[in-house]
Amino acid sequence: MKLLVTGGAGFIGSNFVHHVVAHTEHHVTVLDKLTYAGNRASLAGLPDDRVAFVHGDIADAELVDGLIAGADAVVHYAAESHNDNSLADPRPFLDTNIVGTYTLLEAVRRHDVRFHHISTDEVYGDLELDDPARFTDTTPYNPSSPYSSTKAASDLLVRAWVRSFGVRATISNCSNNYGPYQHVEKFIPRQITNVLRGIRPKLYGAGHNVRDWIHADDHSSAVLAVLNRGRIGDTYLIGADGEKDNKSVIELILTQMGQPADAYDHVTDRAGHDLRYAIDSSKLRDELGWTPQYGDFEAGLAVTIDWYRENESWWAPAKGATEAFYAERGQ
């Protein structure tokens, strides 16, 4: 197939492009705006005869229409996705996550192109720490930030275009990703690179907040499964049973990197910090036969630490500015 991958120079999108090249014969065109979170270096080493890059905005209707006209399927990763940034300035999240998704949907409707929309478990809000429940595809939406609310809106647009216009689309809502090519502003790579730089890691509040972690390569394999075998109009939740509280994650990073488990600092908590996310991925596993490669979070984390240790040239250019940004906020 000829795939158009939006946001393919970002963290999860670039991991998907690498996975597609390694495991299929598909040709990929990446469309990326190259905001601070997009990095051409994340696509380095991929063959030119398999991967093409287009610098552009998913809200550019003319550009999008021309690219989708030549595609067999679109995998839509492009999004503004950082909660802290959405609290500081919500407007880019509306422009990209809502207007950008609308622009793509109109183009796939005109050209009858298969569409897969990448979303987040954050659209469901959060769960109590002692609640045994997990999110499913029938959990009511209850977003709590400008980021998650705009992703919820984009999901609803996709559902409406399927029902109203017959667009051939699926949705996946994934739990927190970790792995190569993740910007150093994010929790896991920030702590890993702090240790590598001799800086004490930083933990929001008491660190009791729980996230359901999945390695980006497992996310990629799940998306391919949905693209190939998912039922049109359906939503699939992607998770690897990786629930860990933030305190345990930071202590595990320190231990795996040969540091005392308590060698970190507590910093001001994030406003409106969701308590717990947890994914029930049984539909994906039962219907599509998907299983994660990194079912053991500790093993996946060790591989991730090794990648950041070996690829300082990739993350170093953004490290200083990131830490300065957080220092201004007492974080």
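Using this note's numbering, the letters of the sequence shown map in sequence onto residues 4 to 334. All residues carry an ideal CB built from backbone N, CA and C; glycine is no exception.
The distance from the Cβ of V77 to that of L7 is about 5 angstroms, consistent with a contact at the 8 angstroms cut-off. Taking a C-beta distance under 8 angstroms as the contact criterion, A155 and V116 do not qualify as a contact pair. In terms of Cα proximity to P204, the closest of P93, G69, D265 and T139 is D265.
One alpha carbon belongs to P295, the other to Q259, and they sit about 22 angstroms apart. Secondary structure note for F300: its alpha helix (DSSP H) is the uninterrupted segment F300 to E313. In the three-state scheme derived from DSSP, where H, G and I count as helix and E and B as strand, K247 is classed as strand.
Under DSSP, Y239 forms a beta bridge with S175. With fewer than 16 other Cβ atoms from the protein chains shown falling within 10 Å of its own Cβ, R113 counts as exposed. DSSP places V170 outside both helix and strand once states are collapsed to three, so it counts as coil. In this structure, Y105 lies away from L159, with their beta-carbon atoms at least 8 angstroms apart. Taking 8 angstroms as the cut-off, the Cβ atoms of D87 and K5 do not count as close. Per DSSP, the continuous alpha helix (DSSP H) segment holding F190 begins and ends at F190 to L199. The residues L257, in chain order, have a CB closer than 8 angstroms to that of P263 in the same chain once the five nearest residues on each side in sequence are set aside.
Residue state for L291 is assigned as helix, using DSSP reduced to three classes.
When DSSP reads this structure, K5 sits in a beta bridge with H30. Runs of the alpha helix (DSSP H) spanning 4 or more residues and lying entirely within the stretch 49-110 occur at 64-72 and 86-91, in chain order. With a threshold of 16 other beta carbon atoms within 10 Å, A330 falls short and is exposed. It is roughly 10 angstroms from the alpha-carbon of V111 to the alpha-carbon of W164.
Secondary structure of I253 (DSSP, three-state): helix.
Pairing G245 with N197, the inter-Cα distance amounts to about 23 angstroms.
In the three-state reduction of the DSSP assignment, H22 falls in the helix class, which pools H, G and I. DSSP, read as helix, strand or coil, puts V161 in helix.
The closest CA to that of G275, considering only L70, P183 and S151, is found on S151.
Residue burial is scored here from C-beta neighbours: S284 has at least 16 other C-beta atoms within 10 angstroms and is therefore classed as buried. By the neighbour-count definition (other C-beta atoms within 10 Å, threshold 16), S316 is an exposed residue.
In the three-state scheme derived from DSSP, where H, G and I count as helix and E and B as strand, S152 is classed as helix.
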